[in-house]
Amino acid sequence: MFSFITNFKKNANRKKLKDSAFEFLFDDDKSGEYVVFDTETTGLNPKVDEILSIGAVKIKDNRVLTSQTFEVFLQNSKEISSNSIKIHGIRPFDLKDAKTTKEGIVEFLNFIGSRPLIGYYLEFDVAMINRYTKPLLGINLPNKMIEVSEIYFDKTISLIPQGNIDLRFDTILKNCSIPNMGAHNAVNDAIMTAMIYLKLTKEKE
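In numbering that gives the first Met the number 0, the protein residues as written are 0 to 204.
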């Protein structure tokens with residue numbers, strides 16, 4: 000039943016596609032790869048905030064393909080607040096050579112193809128991407144989504160059945176014995192998230 004509903008939603012989404020050049024997003028993925036991605040934004044409201052950068056990395060055969068990372072900076076129409084700069088470190092100067100949102104999103108879509116997407120609080124990042132794909136192509140991202148915090152929760156709740164599970168990124172990183180790469184940016188966050196995913200799924204197996 001769940002599979003039927005998923006396919007129905009995917010087909011309904013596909014019918015809204017404005018540009019046949021992006022039909023590949025709906026193909027069955029045969030690459031055996033996953034894409035882990037993260038966004039840095041002007042704020043936390045997908046309805047009004049904008050993407051400043053997108054970082055991504057591929058996983059294949061239980062390996063993070065660090066030689067195949069993706070990073071793009073996007074032009075924005077709003078002033079970047081000092082509070083958000085403290086979080087992501089992206090200053091107006093860093094965006095002087097940024098690409099248009101259309102250019103950046105198209106590059107990202109070509110990078111991910113129809114591969115499953117992995118992320119930490121992925122729902123937010125996907126909502127941010129959809130803010131651009133909806134007016135540009137008429138669709139939401141059709142890719143399969145995998146949330147690492149859910150995997151971590153399911154794995155941890157059996158050890159602390161009535162406890163509160165700390166789902167903060169740094170906590171998950173520490174408990175999975177993954178080194179913190181320091182600089183907070185979209186690419187580094189994507190690589191660390193990829194390592195968390197592999198740690199959790201390998202142990203699950």
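For glycine and all other residues, C-beta sits at the position ideal for the given N, C-alpha and C. Note that the structure is a prediction, hence the values are computed from the model and not measured.
For chain B, find out if any of its Cβ atoms is closer than 8 Å to the Cβ of residue i; answer yes or no.
{"i": "ASN139", "result": "Absent here is chain B; the protein component of the structure consists of one chain."}
Just the C-alpha distance for residue i and residue j, rounded to the nearest angstrom, thanks.
{"i": "LYS180", "j": "SER76", "result": "Position check: residue 180 holds Met in this sequence, whereas Lys was assumed. C-alpha separation (whole angstroms): 30 Å."}
{"i": "ARG130", "j": "ASN174", "result": "33 Å"}
{"i": "ILE156", "j": "LEU166", "result": "11 Å"}
{"i": "ILE171", "j": "ILE58", "result": "19 Å"}
{"i": "ILE177", "j": "VAL186", "result": "16 Å"}
{"i": "PRO249", "j": "LYS9", "result": "Any property of residue 249 remains undetermined from this structure, which presents the chain solely from 0 to 204."}
{"i": "ILE138", "j": "ARG13", "result": "7 Å"}
{"i": "GLU194", "j": "ARG62", "result": "Rather than Glu, the amino acid found at residue 194 in this sequence is Met. Going from the Cα of MET194 to the Cα of ARG62 covers about 9 Å."}
{"i": "ILE128", "j": "LYS143", "result": "14 Å"}
{"i": "ASP60", "j": "VAL125", "result": "24 Å"}
{"i": "THR99", "j": "LEU51", "result": "11 Å"}
{"i": "LEU43", "j": "ASP27", "result": "32 Å"}
{"i": "LYS198", "j": "MET191", "result": "11 Å"}
{"i": "ASP169", "j": "GLN74", "result": "29 Å"}
{"i": "GLU106", "j": "VAL56", "result": "14 Å"}
{"i": "LYS29", "j": "ALA11", "result": "22 Å"}
{"i": "ILE159", "j": "THR65", "result": "34 Å"}
Candidates the options: which alpha carbon is nearest residue i's?
{"i": "ASN6", "options": "GLU78, MET194, PHE21 and PHE25", "result": "PHE25"}
{"i": "GLY31", "options": "SER81, ASP48 and ILE111", "result": "ILE111"}
{"i": "ILE145", "options": "LEU158, THR200 and PHE21", "result": "THR200"}
{"i": "ILE86", "options": "PHE92, ALA182 and MET191", "result": "ALA182"}
{"i": "LYS15", "options": "TYR196, MET194, LEU135 and ILE164", "result": "LEU135"}
{"i": "PHE92", "options": "TYR120, GLU78, THR100 and VAL147", "result": "GLU78"}
{"i": "ASP18", "options": "ASP169, LEU108 and LEU94", "result": "LEU108"}
{"i": "SER81", "options": "THR41, LYS101, GLU102 and GLY162", "result": "THR41"}
{"i": "LYS101", "options": "THR65, GLU49, VAL56 and LEU64", "result": "GLU49"}
For residue i, report the span of its alpha helix (DSSP H) as first-last.
{"i": "ILE111", "result": "100-111"}
{"i": "TYR151", "result": "147-156"}
{"i": "GLU22", "result": "No alpha helix (DSSP H) holds GLU22; DSSP gives it neither H nor E."}
{"i": "ALA126", "result": "121-136"}
{"i": "LEU172", "result": "168-174"}
Report all residues from its chain with a CB closer than 6 Å to the CB of residue i; omit the five preceding and five following residues, and keep chain order.
{"i": "GLU204", "result": "With a pLDDT of 48 at GLU204, under the threshold of 50, the modelled position of that residue is not reliable, and no figure is offered here."}
{"i": "GLY54", "result": "ASP37, GLU70, ALA185, VAL186 and ALA189"}
{"i": "PHE123", "result": "none"}
{"i": "LEU94", "result": "PHE72"}
{"i": "TYR196", "result": "ILE117 and VAL147"}
Which same chain residues, not among the five before or five after residue i, have their C-beta less than 7 Å away from its C-beta?
{"i": "ILE84", "result": "ARG90"}
{"i": "THR132", "result": "ILE104, ILE138, ASN139 and LEU140"}
{"i": "PHE212", "result": "In the structure displayed, the chain extends from 0 to 204; residue 212 sits before or after that span and is not available."}
{"i": "ILE164", "result": "PHE152, THR155 and ILE156"}
{"i": "PHE21", "result": "LEU108 and LEU136"}
Within its chain, find whatever has a CB closer than 8 Å to the CB of residue i; leave out the 5 residues flanking it on each side and keep chain order.
{"i": "ASP96", "result": "PHE72"}
{"i": "GLY88", "result": "ALA182, HIS183 and ASN184"}
{"i": "TYR120", "result": "GLU146 and SER148"}
{"i": "GLN161", "result": "none"}
With respect to the beta strand (DSSP E) encompassing residue i, which residues constitute its N-terminal and C-terminal limits?
{"i": "ASP37", "result": "32-40"}
{"i": "ILE84", "result": "ILE84 -> not in any beta strand (DSSP E); alpha helix (DSSP H) instead, spanning 81-87."}
{"i": "GLN67", "result": "62-72"}
{"i": "ALA55", "result": "50-59"}
{"i": "ILE117", "result": "116-118"}
Kindly examine the ligand GDP and report whether one of its heavy atoms sits closer than 7 Å to the Cβ of residue i.
{"i": "TYR131", "result": "By its list of ligands, the structure shown contains no ligand whatsoever, and the ligand GDP lies outside what it can speak to."}
Open item on the list: Using a Cβ distance threshold of 8 Å, determine whether the segment 63-77 contacts the segment 146-153, with at least three qualifying pairs required.
Closed with: Because the criterion of three Cβ pairs below 8 Å is not met, the segment 63-77 and the segment 146-153 do not touch.
Open item on the list: For the structure I just gave you, are there three or more beta carbon pairs, one from the segment 24-43 and one from the segment 106-120, closer than 8 Å?
Closed with: Because the criterion of three Cβ pairs below 8 Å is met, the segment 24-43 and the segment 106-120 touch.
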